[in-house]
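In terms of the numbering used here, the sequence shown is residues 249 to 585.
Ideal Cβ placement from N, Cα and C applies to all residues, glycine included.
In this text, all values refer to a predicted model and were calculated from it rather than measured experimentally.
Report on the structure given below.
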Amino acid sequence: MSYRRRIHIPGGTYHVVQRGTKQRPIFSQPEDYELFESVLQAALRSTGARLHAYCWTTEAIYLAVQIDEISLGHFMQWVKSRYARGIQRKLGERGHLFQVRYDSVIIDPKNYLTSLTHYIHYVPVLKGLADRPEDFAYSSHHAYTNAREVPWLHCGTTRRLLGKRDEQVEAYQQLMAEAPTPEAVKLVERGMPKTPGILGGPELAEAAGHRPKRSTRMTPDQIIHDVCRMLDVTREDVLSKSRLRRLALARAVIAWHTTVRGIATLAEISRYLGRVSSTLSKTITSYRKRQPDLFKLDALSHMMPIGLGGHPVSSEDFLEMGQSAAHASGTDQDAMY
């Protein structure tokens with residue numbers, strides 16, 4: 249995998265590889281794996297993410313993870329920081345366990361999740377750590393063969409893609425009978441040749457921001473203006489402390505479109521709206537279930553192309569804009585819904 253722009257799509261499924269440093273292994277003792285497992289479970293519960301497959305070697309962590317509203321970056325930061333602190337406390341010393349950046353490819357799960365699971369479970373063989381996937385203890389392969397129960401692992405999606413319920417284990421065993429081809433490995437590690445970091449068709453590439461560039465700068469104010477007009481609310485009300493449901497809905501729609509279109513992070517738009525990011529994230533999740541049509545890329549069809557089409561506002565600009573908006577409307581930056 250190469251150095252790429254981060255792609256955040258709420259509900260997206262990612263292949264993630266987090267490598268360690270050359271100074272020390274990620275896992276030194278059996279209890280290190282137990283610590284990492286507990287940290288990972290906490291991160292999954294806190295962020296609403298789903299883990300489809302994993303493999304943990306001493307040099308790298310491989311995950312097939314589906315995120316919710318909280319970005320993959322926040323999810324990985326949660327896992328890395330808490331695990332690293334746990335190891336540092338145990339050893340009584342400081343030092344980095346992980347490389348700063350992780351590698352990621354967003355995938356179309358319908359067409360590529362089985363291939364990704366196949367690859368992740370074959371990593372120990374490909375890296376010379378085991379002769380067969382079943383010989384390596386620290387992967388989700390054993391859960392897919394029903395040799396081990398892992399309650400916090402979400403096997404259902406991959407299994408359904410493999411076939412009917414009574415055929416799934418056999419279909420998985422057939423899948424794992426041979427190693428992935430070099431071509432398949434290259435795809436899950438890098439993505440499509442024309443869309444590095446993305447493994448899927450045109451719809452996924454479009455959602456990830458691969459559209460013709462536009463010179464016009466998009467701003468949070470434009471998103472707010474369009475959403476307010478569509479939902480028949482005012483900008484002043486949206487930036488106020490009011491907790492009316494129609495305003496909570498408007499804020500959720502604004503935040504979703506702003507983050508998906510690459511204009512700002514959830515933390516930045518939360519500050520701009522005068523809300524708490526964790527609360528805003530829960531509000532988005534709630535309203536996406538109730539009114540899903542508002543949380544689609546074409547819901548605001550009159551708006552400009554997403555992602556790279558505009559020039560995202562910098563964190564510094566966003567903070568200044570948020571402070572100005574709060575001052576103008578009298579909002580409390582720590583207000584909640």
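In the DSSP assignment, Thr261 forms a beta bridge with Gln314 and Ile355. Counting only runs of 4+ residues, the alpha helix (DSSP H) found wholly inside the stretch 354-388 occupies 357-374, in chain order. For a cut-off of 8 Å, the C-beta gap from Ile511 to Ile472 is around 11 Å, too long to register as a contact. A Cβ-Cβ contact shorter than 8 Å links Tyr420 with Tyr392. Under the three-state reduction of DSSP output, Ile255 falls in the coil class, being neither helix nor strand.
As computed with DSSP, Trp304 is found in a beta bridge with Ile309. In the three-state DSSP reduction, Arg333 falls in the helix class (H, G or I). Distance check between Asn359 and each of Gly296, Gly439, Pro258 and Asp351 places Gly439 closest, using alpha-carbon atoms only. The stretch 326-342 makes no contact with the stretch 392-407: fewer than 3 CB pairs, one atom from each, lie closer than 8 Å. Of Val475, Thr269, Tyr350 and Gly296, the smallest CA-CA separation from Ile255 is found for Tyr350. When the beta-carbon positions are compared, Tyr262 and Leu299 stay at least 8 Å from each other. Secondary structure at Leu447: strand, using DSSP grouped into helix, strand and coil. Across the structure, Val373 and Ala312 are spaced so that their CA atoms are roughly 18 Å apart. In this structure, Pro468 sits near Ile517, with a CB-CB distance shorter than 8 Å.
Leu528 sits away from Leu548, with the two beta carbons spaced by 8 Å or more. Contact between Tyr331 and Phe284 holds, with the beta-carbon distance rounding to 5 Å and staying under 8 Å.
When the five nearest sequence neighbours on each side are left out, the beta carbons in the same chain lying within less than 8 Å of the beta carbon of Arg499 are those of Val486, Leu521, Arg523, Leu528, Thr531 and Tyr585, in order along the chain. Boundaries of the alpha helix (DSSP H) around Ala498: Arg493 to Val508. In summary, Thr305 is buried, with 16 or more beta-carbon neighbours lying within 10 Å of its beta-carbon over all protein chains present.
Residue state for Phe275 is assigned as coil, using DSSP reduced to three classes.
According to the DSSP assignment, Met478 belongs to the alpha helix (DSSP H) that extends over Pro468 to Leu479.
The beta carbon of Asp541 is closer than 8 Å to those of Ala547 in its chain, skipping five residues each way along the sequence. Taking C-beta atoms as the reference points, Ile354 and Ala432 fail to come closer than 8 Å. The Cβ atoms of Val436 and Leu361 do not sit closer than 8 Å to each other. Here Gly404 carries a helix assignment [DSSP, helix/strand/coil]. The continuous alpha helix (DSSP H) containing Leu435 extends over residues Pro430 to Arg438. Looking at Leu292, Ser388 and Val475, the one whose alpha-carbon comes closest to that of Met424 is Ser388.
Residues of the same chain with a CB within less than 8 Å of the CB of Phe346, apart from the 5 flanking positions on each side, are Gln266, Arg267, Gly268, Thr269, Ile274, Lys328 and Ala332 in chain order. Only residues of its own chain outside the window of five on either side were considered, and among them Ala291, Val313, Gln314, Ile315, Asp316, Ile318 and Phe323 have a CB closer than 8 Å to the CB of Ala297, listed in chain order.
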